[in-house]
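Read through the structure below, which is laid out as structure tokens, and then see the notes.
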Amino acid sequence: MKLIMILITGATGHLGNKVIENLLKSVPASEIKALARDEQKAANLKEKGVTIATGDYENIPALDNAMKGINKVLLISGLDENRLEQHKNVIDAAKRAGVERIVYTSVSMTDVSSSVMKDFMGSHFQTEDYIKESGLEYTLMRNSLYMDVIPMFIGEKPNETGVVLPAGEGKVAFALRTEMAEALANVLADDTHANKVYDITNTEAYSFNDIAVSLSELYGKEIKYTSPDADVFAKQLKEYSVPDFAINLTVGFATDIKNNLLNIVSTDLESILNRKPATLKKGLKELYAL
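Residue numbers (this note's numbering): 42 to 331.
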């Protein structure tokens, strides 16, 4: 019987760690390898029997070493501006090692050419193309925005500040990162997803006004949603000493949401989980510990 070895990149991040946690429910630890920048940060995984490979997306010798004996790779997308080249390094190393399949965390988006972050977001689709051109089997998981980013967008105390974001009435089918991680683990543990493209979204899309309504019900008080001018909002963040990179990212996502570029609803996540994903209200209750 052929031994299946799975390499998880970005293993010490929130998503990678949760993927491994879910994989361990159905796959022996001896068949899982984790790529981490810092072996000490992966100590909890090592204790569970997971093999640790040290390296990053720019260390080609380390990538070649990590790929030895691997059948499937989960390529978790990077956040650096040069992530396309980093992704290519991982794909090239996988091809050299004879890996059979790459699972990639992409983005669910209607028209990347209209995005105010089209270079950054477009690198997802350039990575997809590079994977397809490599000749490797693939599974492309086009993720919606994590529901977990909502507190980052509107703050930890919306009951005091209200919901303020220049997102207009645009909608997103937010899903919990834990459920996306579970879906990734299910796909990695299964051999029936070759050359598939999935939109990993909730089964309903939500506006930030919907978020304010749900939070109002959870807190038991009215919480209003305000969508200010993007430039005014950016200036306010600047006054609070928010770093420029974070401001640009927040305003960029808000603008794309306003323009409904992230408004894609699919049942793919539901099918892979074999249940409906958590609703907005349930997710917010968990995220805000209410």
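Where is the CB? At the ideal position from N, CA and C, for every residue including glycine.
Annotated as distal: I73 and I111, with beta-carbon spacing of 8 Å or more.
Across the set V60, N289 and V228, the C-alpha of V228 shows the shortest separation from the C-alpha of S312. Under DSSP, no beta-bridge partner is assigned to K322.
With respect to the 8 Å criterion, I252 and V190 are not classified as neighbours on the basis of their beta carbons. Assigned with DSSP and collapsed to three states, V238 falls in strand. Within the same chain, and ignoring the five residues on either side of E99 in sequence, the residues whose Cβ sits closer than 7 Å to its Cβ are Q127 and N130. Considered as a whole, the stretch 240 to 314 harbours 249 to 260, 271 to 280, 285 to 299 and 309 to 314 as its complete alpha helix (DSSP H) runs of no fewer than 4 residues, in chain order.
Among the bridge pairs identified by DSSP, N184 is matched with V148 and I241. Taking a 10 Å sphere around the C-beta of Y266, we find 16 or more other C-beta atoms and assign the residue as buried.
Around K82, the same chain offers T53 as residues with beta carbons nearer than 8 Å, after the five sequence neighbours per side are excluded. Note on the stretch 184 to 236: whole alpha helix (DSSP H) runs with a minimum of 4 residues are 191 to 195, 199 to 202 and 218 to 229, in chain order. Take E80, set aside five residues on each side of it, and the residues of its chain with a beta-carbon closer than 6 Å to its own are I93 and T95, in chain order.
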